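Reviewing the structure listed below.
In this note's numbering, the protein residues as written are 15 to 82.
What follows is the structure in structure tokens.
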């Protein structure tokens with residue numbers, strides 16, 4: 015009887031620890047996804063800024079050409 019209780023306790027403990035570890039992995043994945051999303055948004059924002067600067071430069075050149 016004592017061996018059975020010990021075995022059941024060991025199984026319950028290992029199951030709870032493994033589920034806890036899996037839960038931690040899922041949390042890390044979510045954090046990584048959020049970081050990746052943030053980086054993508056930042057890259058898009060940077061790309062838009064570069065595009066706008068280029069467009070502004072083109073407008074300035076057009077104005078200079080019109081004045082001549």
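Glycine residues also receive a C-beta, built at the ideal position from the N, C-alpha and C atoms. Please read all numbers here as calculations on a predicted model, not as lab measurements.
Discussion item. Just to confirm my understanding: we take residue 31, look at its own chain, exclude 5 residues before and 5 after, and list those with CB closer than 8 Å. What are they?
Written reply: none
Worksheet item: How many angstroms separate the CA atom of residue 46 from the CA atom of residue 19?
Response: 41 Å
Discussion item. If you reduce the DSSP assignment to three classes, tell me which class residue 15 lands in.
Written reply: coil
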